[in-house]
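**Student:**
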Amino acid sequence: MRKKVFITGITSSIIQQLIPFINSSEYQIIGLSRNLISEKNDAIKIIQGNIQNPNTYKKYLIDCDIIIHAAAITHSKNEKKYEEINFIATKNLIDFAKKWKVKTFIYISSNTANLNNGAYSKSKVLAENYLQNNFKRWKIIRISEIFGGAKNEGLEKLIQNSLKKKFVLYPKNMSSKFSPLYIDDIGTLLYEQIFINQEKNKIFHINGNEHFTFKEILKLIKKNQKKSLIALGVSRNIMFLIMRISKIIPFNIGVVPDQIERLYGLKTYGNIDDNNITLKLESYLKKSVKK
Numbered sequence: 002m003r004k005k006v007f008i009t010g011i012t013s014s015i016i017q018q019l020i021p022f023i024n025s026s027e028y029q030i031i032g033l034s035r036n037l038i039s040e041k042n043d044a045i046k047i048i049q050g051n052i053q054n055p056n057t058y059k060k061y062l063i064d065c066d067i068i069i070h071a072a073a074i075t076h077s078k079n080e081k082k083y084e085e086i087n088f089i090a091t092k093n094l095i096d097f098a099k100k101w102k103v104k105t106f107i108y109i110s111s112n113t114a115n116l117n118n119g120a121y122s123k124s125k126v127l128a129e130n131y132l133q134n135n136f137k138r139w140k141i142i143r144i145s146e147i148f149g150g151a152k153n154e155g156l157e158k159l160i161q162n163s164l165k166k167k168f169v170l171y172p173k174n175m176s177s178k179f180s181p182l183y184i185d186d187i188g189t190l191l192y193e194q195i196f197i198n199q200e201k202n203k204i205f206h207i208n209g210n211e212h213f214t215f216k217e218i219l220k221l222i223k224k225n226q227k228k229s230l231i232a233l234g235v236s237r238n239i240m241f242l243i244m245r246i247s248k249i250i251p252f253n254i255g256v257v258p259d260q261i262e263r264l265y266g267l268k269t270y271g272n273i274d275d276n277n278i279t280l281k282l283e284s285y286l287k288k289s290v291k292k
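Shown next as structure tokens:
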């Protein structure tokens with residue numbers, strides 16, 4: 002009999018990288034999505050529901066072997082939503098998983114998870130703590146910044162803007178460097194951690210094996226572009242002033258307040274073998290310049 006895997010955030014780019022590696026002859030996949038979508042893979046059953054409404058998903062947890070919980074809100078001007086979705090909804094999912102005797106709970110977290118890194122990061126670490134204290138077999142996987150994915154967010158947005166523009170701003174004096182990972186590598190690393198590595202009740206990290214500041218990334222872009230790029234660093238004080246202003250004004254200015262706290266907060270990393278990295282950042286930049 003196939004093992005039953007319940008996945009939240011099934012349509013996210015990270016989980017979409019994982020899906021092709023899961024053997025459909027061994028695992029039956031049920032994915033939770035806010036929108037009812039058609040899935041080309043016959044081995045996957047998509048159910049329409051909301052992580053905040055247990056009535057839309059709880060019956061699917063019966064006889065479930067593994068939960069992979071990846072659903073989350075990452076950018077919101079309303080910071081209360083981080084608590085409601087990333088912590089409280091996760092807490093409810095954990096409670097129902099425990100009630101229905103789900104064997105293993107996999108929580109997809111962030112390498113910024115920390116009580117002092119803003120509302121998003123706080124919500125992630127609160128969920129981590131609740132899982133550790135209330136579930137028998139768990140695994141937390143903290144994922145770093147991704148490049149090569151959506152071009153309108155995060156590190157990839159900086160890369161794309163820098164390739165197109167002659168002048169860019171970047172935040173200076175961050176506490177931790179980025180350890181970016183190529184989007185196509187995330188699937189194999191996730192699969193190994195979830196389905197191959199049998200260690201449980203530990204926090205694991207998935208990240209690149211090189212570390213960069215914003216300035217160092219911009220230097221790489223400038224080097225591979227072979228054209229003029231003016232990069233102006235913005236001080237920590239000004240960045241936090243922007244954060245305070247964005248909390249007050251009623252409209253979005255292109256960054257939500259807690260993103261700045263996240264940028265300047267401490268990040269955690271793991272050691273990733275070079276054999277698991279198919280494309281490093283500089284090689285990706287060279288390819289991007291040629292397009």
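Those letters in the sequence shown? Residues 2 to 292, by the numbering used here.
Ideal Cβ positions, reconstructed from N, Cα and C, are used throughout, including at glycine.
Kindly list the residues whose CB is nearer than 7 angstroms to the CB of P172, restricted to its own chain and excluding five residues on each side of it in sequence; keep chain order.
**Tutor:** So the list reads F215, V235, M240, L264, once near-sequence residues are dropped.
**Student:** Within this structure, are the beta carbons of K268 and S177 separated by less than 7 angstroms?
**Tutor:** yes
**Student:** Under DSSP, the alpha helix (DSSP H) around Y131 begins and ends at which residues?
**Tutor:** Under the DSSP assignment, Y131 falls in the alpha helix (DSSP H) whose first and last residues are 120 to 135.
**Student:** Run through DSSP, which three-state label would T75 get?
**Tutor:** In the structure shown, T75 sits in coil (DSSP, three-state: anything other than H, G, I, E or B).
**Student:** Going by DSSP in three states, I160 sits in which element: helix, strand or coil?
**Tutor:** helix
**Student:** Here's the rule I'm using: 16 or more other beta-carbon atoms within 10 Å means buried, otherwise exposed. How should I249 be labelled?
**Tutor:** Its Cβ having fewer than 16 others within 10 Å, I249 is exposed.
**Student:** Here's the rule I'm using: 16 or more other beta-carbon atoms within 10 Å means buried, otherwise exposed. How should A151 be labelled?
**Tutor:** Here A151 is exposed, its C-beta having fewer than 16 other C-beta atoms within 10 Å.
**Student:** Pick out whichever of K287, K224, L219, I204 has its Cα sitting closest to the Cα of G271.
**Tutor:** Per the Cα distances, I204.
**Student:** Return the CA-CA distance between I279 and D185, expressed in angstroms with no decimal places.
**Tutor:** In the sequence as presented, Ile is not what sits at residue 279; that position holds Thr. In this model, T279 and D185 are separated by some 8 angstroms (Cα to Cα).
**Student:** In the DSSP assignment, what residue or residues form a beta bridge with I235?
**Tutor:** Here the sequence assigns Val to residue 235, which means Ile is not the residue at that position. Paired residues: P172.
**Student:** I need the boundaries of the beta strand (DSSP E) containing L230, first residue and last residue.
**Tutor:** Premise fails: L230 is in no beta strand (DSSP E) and is neither H nor E.
**Student:** With contact counted as at least three CB pairs below 8 angstroms, one residue from each stretch, are the stretch 80 to 94 and the stretch 215 to 231 in contact?
**Tutor:** no
**Student:** So, is S14 buried or exposed, given that buried needs 16 or more other C-beta atoms within 10 angstroms?
**Tutor:** exposed
**Student:** Between which two residues does the alpha helix (DSSP H) holding L33 run?
**Tutor:** For L33, no alpha helix (DSSP H) segment is defined; the enclosing uninterrupted segment is the beta strand (DSSP E) at 28 to 34.
**Student:** Which residue comes first and which comes last in the alpha helix (DSSP H) that contains R263?
**Tutor:** 258 to 265
**Student:** Looking at K59: is its Cβ nearer than 7 angstroms to the Cβ of I107?
**Tutor:** no
**Student:** If the criterion is Cβ atoms closer than 7 angstroms, does the pair K201 and R138 meet it?
**Tutor:** yes
**Student:** Count the C-beta pairs between the stretch 148 to 163 and the stretch 113 to 132 that are closer than 8 angstroms, then say yes if the count reaches three, no if not.
**Tutor:** no
**Student:** Would DSSP call I142 helix, strand or coil?
**Tutor:** strand
**Student:** So which of I31, F88, I67 has the shortest CA-CA distance to T75?
**Tutor:** F88
**Student:** Can you tell me the Cα-Cα spacing of L33 and H70, whole angstroms?
**Tutor:** 10 angstroms
**Student:** Taking 7 angstroms as the threshold (C-beta atoms), are S110 and E84 in contact?
**Tutor:** no
**Student:** Return yes when the Cβ of K78 is within less than 7 angstroms of the Cβ of V257, no when it is not.
**Tutor:** Yes, they are a contact pair.
**Student:** Which one of K223, I231, G266, S247 has the shortest CA to CA distance from K287?
**Tutor:** Ranking K223, I231, G266, S247 by Cα distance to K287 puts K223 first.
**Student:** Would the beta-carbon of Y192 fall within 7 angstroms of that of F22?
**Tutor:** yes
**Student:** Pull up the DSSP beta-bridge partners for Y183, would you.
**Tutor:** Beta-bridge partners of Y183 (DSSP): F148.
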